[in-house]
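Asker:
Residue numbers (this note's numbering): 14 to 220.
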């Protein structure tokens, strides 16, 4: 239960910050702010739940054997609940501010960007946390947070960047992303995470 509560709280605040950034039209500065939020939540909950806060990361962790099949539904459920609560809260307090982003003409770019970004985040996470050479370090939160920030800033000119199915869902709930575009975020992010996990296992094994 402690793990699920930690995942719920972390997912909520990361998604809350992301939705506020995109609702406030902060542009590429959003990357820095979201990265800092992720960094803080990783340090806050990493020792409790592993600080996934991301269904794609949970799926990747399952492939690595770092989480059991029985734990996966609970993790993903609370992550999505936290995301929905965050999106609904932002839409309540910022009603009418959000503008749905039409990415219909940019499907290949968006899906590829989300896939590569998700791959990078899982790749960095596993190498700074899961590798024997870096296990127990104190910089893992910074590494993952800065990676997410860099990717959001780099891709920010294309459209809303999520890199996390939970953030994508919260952006739909708050009105930033149209529901019709949610699928391309989810597909790109999940495929990227799975590829990163498979690559890591191939190179390093599951241990």
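From the three backbone atoms N, C-alpha and C, an ideal C-beta is built for every residue, glycine too.
1) Below 7 Å CB to CB, which residues in the same chain sit around residue 173 once its five sequence neighbours on both sides are set aside?
2) May I ask which residues mark the beginning and end of the alpha helix (DSSP H) holding residue 65?
3) How is residue 89 classed by DSSP in three states: helix, strand or coil?
4) Measuring alpha carbon to alpha carbon, tell me which residue in 27, 141, 123 and 29 is nearest residue 213.
5) DSSP state of residue 55, grouped into three classes?
6) What first and last residue would you give for the alpha helix (DSSP H) that runs through residue 211?
7) Does DSSP put residue 166 in a helix, in a strand, or in coil?
8) Can you tell me the Cα-Cα spacing of residue 22 and residue 168, whole angstroms?
9) Which same chain residues end up closer than 7 Å to residue 200 when comparing Cβ atoms and leaving out the 5 residues on each side of it in sequence?
10) Quick check: the stretch 156 to 170 against the stretch 95 to 103, are at least 3 beta-carbon pairs closer than 8 Å?
11) Which class does residue 222 belong to by DSSP, given the choice of helix, strand or coil?
12) When you compare only the Cα positions, how much space is there between residue 57 and residue 137?
13) For residue 81, does the count of other Cβ atoms within 10 angstroms reach 16, so buried, or fall short, so exposed?
14) Mapping DSSP to helix, strand and coil, what is residue 83?
15) Short of 6 Å in beta carbon distance, which residues of its chain neighbour residue 208, apart from the five on each side in sequence? Order them along the chain.
16) If I'm right that residue 179 touches residue 28 with Cβ under 8 Å, what's the distance once you round it to whole angstroms?
17) Under 9 Å between the Cβ atoms of residue 202 and residue 186?
18) Would you decide whether residue 68 is buried or exposed? Buried here means 16 or more other CB atoms lie within 10 Å of its CB.
19) What residue does the alpha helix (DSSP H) around residue 14 start on, and which one ends it?
20) Can the beta-carbon of residue 206 be found less than 9 Å from the beta-carbon of residue 73?
21) Which residue wins for smallest C-alpha separation from residue 197, given the options 217, 129 and 50?
Answerer: Short version:
1) Taking the chain shown and counting its residues from 1, one reaches residue 173 at position 160. 35, 114, 184, 189 and 190, listed in sequence order.
2) Within the chain shown, the letter at position 52 stands for residue 65. That residue, residue 65, is in no alpha helix (DSSP H); it is neither H nor E in DSSP.
3) One-based indexing of the chain shown puts residue 89 at position 76. Residue state, collapsed to three classes: helix.
4) Locating residue 213 in the chain shown gives position 200, counting from the first residue. Checked all of 27, 141, 123 and 29; the closest Cα to residue 213 is 141.
5) As a working note, residue 55 is residue 42 in the chain shown. Helix, per DSSP.
6) Walking along the chain shown from the start, residue 211 turns up at place 198. Element bounds for residue 211: 195 to 217.
7) Counting from one through the chain shown, the residue named residue 166 turns up at place 153. Helix at residue 166.
8) Locating residue 22 in the chain shown gives position 9, counting from the first residue. Locating residue 168 in the chain shown gives position 155, counting from the first residue. Residue 22 and residue 168: Cα-Cα distance of roughly 27 Å.
9) As a first step, residue 200 is located in the chain shown; it is residue number 187 there, counting from the start. Within the same chain, residue 200 has close Cβ partners 124.
10) no
11) In the structure as shown, the chain starts at 14 and stops at 220, and residue 222 therefore has no counterpart that could be examined.
12) Looking up residue 57 in the chain shown gives position 44. Looking up residue 137 in the chain shown gives position 124. About 19 Å.
13) As a working mapping, residue 81 is identified with position 68 in the chain shown. When all chains shown are included, residue 81 counts as exposed.
14) Sequence index remark: in the chain shown, residue 83 carries index 70 (1-based). It is coil, neither helix nor strand.
15) As a first step, residue 208 must be located in the chain shown, where it is residue number 195. Excluding sequence neighbours, residue 208 sits near 132.
16) Numbered from its first residue, the chain shown carries residue 179 at position 166. Numbered from its first residue, the chain shown carries residue 28 at position 15. Correct: roughly 6 Å between the Cβ atoms.
17) Taking the chain shown and counting its residues from 1, one reaches residue 202 at position 189. Taking the chain shown and counting its residues from 1, one reaches residue 186 at position 173. No.
18) Residue numbering aside, residue 68 sits at position 55 when the chain shown is read from its first letter. Buried, by the Cβ-count rule.
19) Numbered from 1 along the chain shown, position 1 holds the residue referred to as residue 14. From DSSP, residue 14 is part of no alpha helix (DSSP H); its letter is neither H nor E.
20) Within the chain shown, residue 206 is the residue found at index 193, counting from 1. Within the chain shown, residue 73 is the residue found at index 60, counting from 1. Their beta carbons are under 9 Å apart, which means residue 206 touches residue 73 by this criterion.
21) As a first step, residue 197 is located in the chain shown; it is residue number 184 there, counting from the start. The candidate whose alpha carbon is nearest that of residue 197 is 129.
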